[in-house]
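Reviewing the structure listed below.
Numbering (this note's numbering), first residue to last: 93 to 725.
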């Protein structure tokens, strides 16, 4: 029996998440832009933490904690200052100071931002800004957290639209970083740029064969009642191949604590795009909240179900797995050591099954034969790497990182990974992987990865991106999701598309803007085409068939003329919508008669299968023969 070291990192993080938090939409608070127009923000001074008491608790419980919570009871009704601006906007501000804190993070409940509102959190000293958070930032639960502000002081600013007096949130907790006396400085360093120099970034040559898997891995910000920390985890495929966000990590990431799963945050895409470390932290996509599905201390595995509401337009990858129990001949580990950007460690020697039990530094003993013993050929693991998947030579997950041999030097370092095969069975659904990874009950020993369905583009036939296209997804005639294209014309897709079924997309745009791009010049071009003195391309002919007769005639010109003269607000009874949508790159059998056989109702249906790939789409502005419509209107 040997003693090993677990590798979670419990602390309040104060380096790499300075510029990023929950889905935010930029801008600056009025407290920075127009400080003279606002009343001074009143201050709330909080007593600092009892560091000596926290250190005693940490020593007794073997906690790697670097921060602790302070309870709050604050709303826009019982604290802060309101300022009414000339345009009717209402601005609420509150300054919070915690003695000797190295960083601060706010937690919210009853979080319900109304349309048109904005929330910012910023430092009055460094002008570090988090936000704006809006109605679109909300998650499934009514709780929320914003990123970390360095230092011991922050200002919360809430901007409410005119005549909206709803209470938008309740501040119930603030976490403060504390430092342990006598601890070496390097042990307190976390976040961007803090990991060992011997790590390779995932885009370096060492990671050339593992670029698909990088989009399955996320850094976890683990929130518990006792503090906040880092771990790593990986999305796994399941036999239904439905894109369910099943996420494997380590049980000890929350063991001994009281987890608040709806506040756990998963930072995907937190990786450098260059092999050398970048000068500033790259952006990432945070996803807030999860449910715990299964876990067991003896196998040190934890399976989570991430809330999917904010994962639209994320091209995630779902790793395959192997439950045979066979040790890998070679392996890779994609992880976030110390909460840093994604790194890769490789092992070029065969792993072995560790035959002894292990006593971990948190007092837990795991039974014999539960772990693979892995020796790294490059890179290593550190605190924060816990839960990272062990990927075998076939790119399948065979285990998750539990800890190391007590050292994390870069020379011949060892890692111990809980074996996925040992976690397959268990006394109930909450203690095994079987029910979740094999919902179809097919009992495969291996399952390959599920690659993401690409996010398609919606453009004009001149390849100009079309913004503001509302698309509703129906799966087997049941509503699935509704989304809208952004300025780049990218169509967000639901993550949880199944491997089979009928998927219907219903498009709409600009139903109050029929005259966009429609002028008498379009009538002139149509006349030339009808008379044979000019030939219009297929998509322009479809645009000018405004009565949906599968032809372009003077009857279409009459309807367009009535629209231009404001006699009618649209193209009349049975007429085409403002915009029409088609699958891109069709094969027009006759370019002079490009009329589709299907009903033109802006509804496009696909039959899903395991290899389904969503095509791009072409948006056609009805009545616009010259291509002058504003695609972003």
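Where a beta carbon is used, it is the ideal one built from N, C-alpha and C, also for glycine. Being a predicted model, the structure only gives us computed values, none of them experimental.
#1: Would you identify the three-state DSSP class for residue 631, choosing helix, strand or coil?
#2: Output needed for residue 139: all residues of its chain with C-beta closer than 7 Å, excluding positions within five of it in sequence on either side, in chain order.
#3: In the DSSP output, which residue or residues are listed as bridge partners for residue 463?
#4: Just to confirm the assignment, what range does the alpha helix (DSSP H) spanning residue 612 have?
#5: Quick check on this structure: which residue in 568, 618, 325 and 215 has the alpha carbon closest to the alpha carbon of residue 594?
#6: When the Cα atoms are used, what is the spatial distance from residue 560 to residue 420?
#7: For the alpha helix (DSSP H) that contains residue 654, what are its first and last residues?
#8: Taking residue 593 as part of the beta strand (DSSP E), name the residues at either end of that continuous run.
#9: Could you spell out where the beta strand (DSSP E) holding residue 173 opens and where it closes?
#10: Would you tell me roughly how many angstroms separate the C-alpha atoms of residue 321 and residue 551, rounded to the nearest one?
#11: In whole angstroms, give me the CA-to-CA distance for residue 113 and residue 121.
#12: Report the rounded CA-to-CA distance for residue 129 versus residue 579, giving the unit in angstroms.
#13: Could you round the C-beta distance between residue 415 and residue 355 to whole angstroms and report it? I think they count as a contact, below 8 Å.
#14: Please state the DSSP three-state secondary structure of residue 146.
#15: Can you tell me which residues form a DSSP beta bridge with residue 671?
#16: Please list the segments of the beta strand (DSSP E) lying wholly inside the segment 370-427, counting only runs of 3 or more residues, in order along the chain.
#17: Please go through the same chain and pick out, in chain order, the residues whose beta-carbon is closer than 7 Å to the beta-carbon of residue 390, but skip the five residues on each side of it.
#18: Can you have a look at residue 170 and say buried or exposed, based on whether 16 or more other CB atoms are within 10 angstroms of its CB?
#19: Compare the beta carbon distance of residue 464 and residue 489 with 8 Å and say whether it is the shorter of the two.
#20: Going by the DSSP bridge assignment, what does residue 264 pair with across the sheet?
#21: Pairing CB atoms from the segment 179-186 with CB atoms from the segment 254-272, are three or more of them under 8 Å?
#22: Below 7 Å CB to CB, which residues in the same chain sit around residue 577 once its five sequence neighbours on both sides are set aside?
#23: Evaluate residue 360 with the Cβ neighbour count: other Cβ atoms within 10 Å of its Cβ, from every protein chain shown; 16 or more gives buried, anything less gives exposed.
#24: In the DSSP assignment, find the unbroken alpha helix (DSSP H) run with residue 125 in it and report its ends.
#25: Whole angstroms is fine: what's the gap from residue 238's alpha carbon to residue 222's?
#26: Over the uninterrupted beta strand (DSSP E) stretch that includes residue 529, give me the two end residues.
#27: Do the CB positions of residue 400 and residue 483 come within less than 8 Å of each other?
#28: Can you grab the Cα-Cα spacing for the pair residue 127 / residue 358, in whole Å?
#29: In whole angstroms, what separates the C-alpha of residue 657 from that of residue 725?
#30: Would you call the segment 594-605 and the segment 669-682 touching, i.e. three or more CB-CB distances under 8 Å?
#31: For residue 570, count neighbouring C-beta atoms within 10 Å of its own C-beta (all shown protein chains included) and say buried if the count is 16 or more, exposed if not.
#32: In the DSSP assignment, the beta strand (DSSP E) including residue 249 goes from what residue to what residue?
#33: Excluding the five sequence neighbours on either side, which residues of its own chain have a C-beta within less than 7 Å of the C-beta of residue 718, listed in chain order?
#34: At which residues does the beta strand (DSSP E) containing residue 723 begin and terminate?
#35: State buried or exposed for residue 486, treating a residue as buried only when at least 16 other CB atoms are found within 10 Å of its CB.
#36: Give the straight-line distance between the Cα atoms of residue 325 and residue 526, rounded to the nearest whole angstrom.
Working from what's here:
#1: What you label residue 631 is simply residue 539 of the chain shown in a count that begins at 1. The answer is helix: DSSP assigns residue 631 an H, G or I state.
#2: Looking up residue 139 in the chain shown gives position 47. Once the five neighbours on either side are set aside, the close Cβ partners of residue 139 are 191.
#3: For the purposes of this step, residue 463 is identified with residue 371 of the chain shown, where counting begins at 1. Answer by DSSP bridge pairing, in chain order: 446 and 510.
#4: Here residue 612 corresponds to residue number 520 of the chain shown, with the count starting at 1. Start and end: 612-623.
#5: The residue given as residue 594 occupies position 502 in the chain shown. The option with the nearest alpha carbon to residue 594 is 568.
#6: Locating residue 560 in the chain shown gives position 468, counting from the first residue. Locating residue 420 in the chain shown gives position 328, counting from the first residue. Rounded to the nearest angstrom, the two C-alpha atoms are 49 Å apart.
#7: Taking the first residue of the chain shown as position 1, residue 654 is located at position 562. 646-656 is the span of the alpha helix (DSSP H), which, as asked, contains residue 654.
#8: Residue mapping note: residue 593 aligns to position 501 of the chain shown, counting from 1. It spans 593-600 - the beta strand (DSSP E) in which residue 593 sits, taken as one unbroken run.
#9: Locating residue 173 in the chain shown gives position 81, where the first residue counts as 1. It spans 173-176 - the beta strand (DSSP E) in which residue 173 sits, taken as one unbroken run.
#10: By 1-based counting over the chain shown, the position of residue 321 is 229. By 1-based counting over the chain shown, the position of residue 551 is 459. Taking the straight line from one Cα to the other gives about 43 Å.
#11: Along the chain shown, one-based indexing puts residue 113 at 21. Along the chain shown, one-based indexing puts residue 121 at 29. With a pLDDT of 42 at residue 113, under the threshold of 50, the predicted position of this residue should be treated as unreliable, and no value is reported.
#12: Locating residue 129 in the chain shown gives position 37, where the first residue counts as 1. Locating residue 579 in the chain shown gives position 487, where the first residue counts as 1. Computed Cα separation, rounded: 33 Å.
#13: The residue labelled residue 415 in the question sits at position 323 within the chain shown. The residue labelled residue 355 in the question sits at position 263 within the chain shown. 31 Å between Cβ atoms; not a contact.
#14: As a first step, residue 146 is located in the chain shown; it is residue number 54 there, counting from the start. Helix, per DSSP.
#15: Reading the chain shown from its first residue, position 579 is the one you call residue 671. Per DSSP, 713.
#16: 377-380, 382-388, 393-398, 412-414 and 423-427
#17: Residue 390 sits at position 298 when you count from the first residue of the chain shown. Closer than 7 Å at the Cβ level, and outside the excluded window around residue 390, lie 458, 459 and 462.
#18: Residue numbering aside, residue 170 sits at position 78 when the chain shown is read from its first letter. So residue 170 counts as exposed.
#19: As a first step, residue 464 must be located in the chain shown, where it is residue number 372. As a first step, residue 489 must be located in the chain shown, where it is residue number 397. Their beta carbons are not under 8 Å apart, which means residue 464 does not touch residue 489 by this criterion.
#20: As a first step, residue 264 is located in the chain shown; it is residue number 172 there, counting from the start. Answer is none; residue 264 lacks a bridge partner.
#21: yes
#22: Against the chain shown, residue 577 aligns to sequence position 485. These residues qualify, in order along the chain: 550, 558, 559, 560, 561 and 583.
#23: Here residue 360 is taken as the residue at index 268 of the chain shown, counted from 1. Result: buried.
#24: As a first step, residue 125 must be located in the chain shown, where it is residue number 33. Element bounds for residue 125: 122-125.
#25: One-based indexing of the chain shown puts residue 238 at position 146. One-based indexing of the chain shown puts residue 222 at position 130. If you take the alpha carbons of residue 238 and residue 222, they lie about 7 Å apart.
#26: For this step, residue 529 is matched to residue 437 along the chain shown. No beta strand (DSSP E) holds residue 529; the alpha helix (DSSP H) holding it covers 526-529.
#27: By one-based count along the chain shown, residue 400 stands at place 308. By one-based count along the chain shown, residue 483 stands at place 391. Result no, Cβ atoms of residue 400 and residue 483 do not sit closer than 8 Å.
#28: Mapped onto the chain shown, residue 127 falls at position 35. Mapped onto the chain shown, residue 358 falls at position 266. Cα to Cα, residue 127 sits roughly 35 Å from residue 358.
#29: One-based indexing of the chain shown puts residue 657 at position 565. One-based indexing of the chain shown puts residue 725 at position 633. When rounded, the distance between both Cα atoms is 21 Å.
#30: yes
#31: Looking up residue 570 in the chain shown gives position 478. Classification of residue 570: exposed, given that the 10 Å Cβ count is below 16.
#32: Along the chain shown, read from residue 1 onward, the residue named residue 249 stands at position 157. Counting along the chain, the beta strand (DSSP E) containing residue 249 begins and ends at 245-252.
#33: Walking along the chain shown from the start, residue 718 turns up at place 626. Excluding positions up to five away in sequence, the list reads 613, 614 and 617.
#34: By 1-based counting over the chain shown, the position of residue 723 is 631. From DSSP, residue 723 is part of no beta strand (DSSP E); its letter is neither H nor E.
#35: Here residue 486 refers to the residue found at position 394 when the chain shown is read from its first residue. Result: exposed.
#36: As a position in the chain shown, residue 325 is number 233, starting the count at 1. As a position in the chain shown, residue 526 is number 434, starting the count at 1. Taking the straight line joining both Cα atoms gives about 18 Å.
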